[in-house]
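All remarks here apply to the structure that follows.
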Amino acid sequence: MAADVETMFYTREKPWHGLGVRVAEALSSREALAAAGLDWKVEQKGIRTEDGLEAPGFWANVRDSDGKVLGIVSDRYKVVQNEEAFAFTDRLLGEGVRYETAGSLNGGRKVWVLARMPREYIMLGDRISPYMVFSNSHDGSGAIKVAMTPVRVVCSNTLNLALSTAARSWSAMHTSRVRDRIGEAESTLLLAERYMDTLGRELEALSRVKLTDAKAREAIHALLPLEESMSRTQKKNVERQREDMELRYFEAPDLREVPKNGYRFVNAASDFATHGKPLRDSGNYKENLFSRVMDGSLLTDRAHRLMKKIA
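Numbered according to our numbering, the sequence shown spans residues 1 to 311.
Structure, rendered in structure tokens:
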């Protein structure tokens, strides 16, 4: 993963492999661009073969700071510059927004911005801070994505649950209407309070799902099932994961004062998904953790659905 993180800054604890520039406090947009190493632009240049033939309908996205080719895209692709991403979040969250981390992955092909939203919520006695994450690619591999991610402050567990009645994310392709879509996103994401209100009601419902110790273990087994087709090693790995999940549910210091209920179970699942180490430390493991901030965790969503089913 070390090669995947090109530049970044962060506040508080060291993220991922401890790479990046640590700053004492969250930054303004202008400061964040420089600290994250994102103060460069993307230029589009024509493509020619070695013998001088043009490649019509395609452009090379080139970083102006070092001439690096970030990707080959069609002529429908419209560049959204890094500074536009910060300007977008400034407009979205208002003057004075502070950025807590930002950076680039894969040699500048993908960039991200994370900003803490102004308001903090108290839900079931827990402090929940919503964050806004903006992710953009310069190689044509993906859409512009914006998502709201609530974080339980005491343990940094993400609670970005998939709720059918309130959207938390938005995306748009790099086409001619992308800037119009960004305008639409402002209107959409300013309804973030609707998501937080819905999340609050959902967490209240989870708190009413009472779990005996036996029922909690049964739910963990359902969440991490053993299959007949698994090898002996695979079955041992699942048993280890179950033990890890049980420790997080029964012994986690931040959950000791939380009643044994569906809310506690979902937090344990989020802790397992967010902070648990994989059985195999693959090269892109940490990048996958970041993608869960944007896309959510399938395991946490499964735990949520399981608790609703029990209810």
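Cβ atoms here follow ideal geometry from the backbone N, Cα and C, with glycine treated the same way. A quick note: this is a predicted structure, and the numbers were derived from the prediction, not measured.
Residue range 232-251 is occupied by the alpha helix (DSSP H) that includes Q234, with no beta strand (DSSP E) assigned at that position.
The beta carbon of R264 lies closer than 6 Å to those of L255, V258 in the same chain, with the five residues before and after it left out. Nearest to M245 by C-alpha distance, out of T233, P225, E228, F272, is F272.
Cβ-Cβ distances below 7 Å link S74 to G57, F58 in the same chain, with the five nearest sequence neighbours on each side left out; the list follows chain order. In this structure the region 193-212 touches the region 121-132; the number of beta carbon pairs closer than 8 Å is three or more. In the structure shown, V151 adopts extended strand secondary structure according to DSSP, grouped into three states. Here the C-alpha atom of I182 lies approximately 8 Å from the C-alpha atom of A172.
Measuring C-alpha to C-alpha distances from E43 to each of M230, V23, R201, D66 identifies D66 as the nearest. Here DSSP, grouped into helix, strand and coil, assigns R30 to helix. When the alpha-carbon of S135 is set against those of D126, M148, M123, the nearest one is in M148. Here the region 155-175 makes no contact with the region 212-224; the two share fewer than three CB pairs at distances below 8 Å. The residue among E50, K45, W40 with its C-alpha nearest the C-alpha of D64 is W40. Y77: not part of any alpha helix (DSSP H); DSSP gives it neither H nor E.
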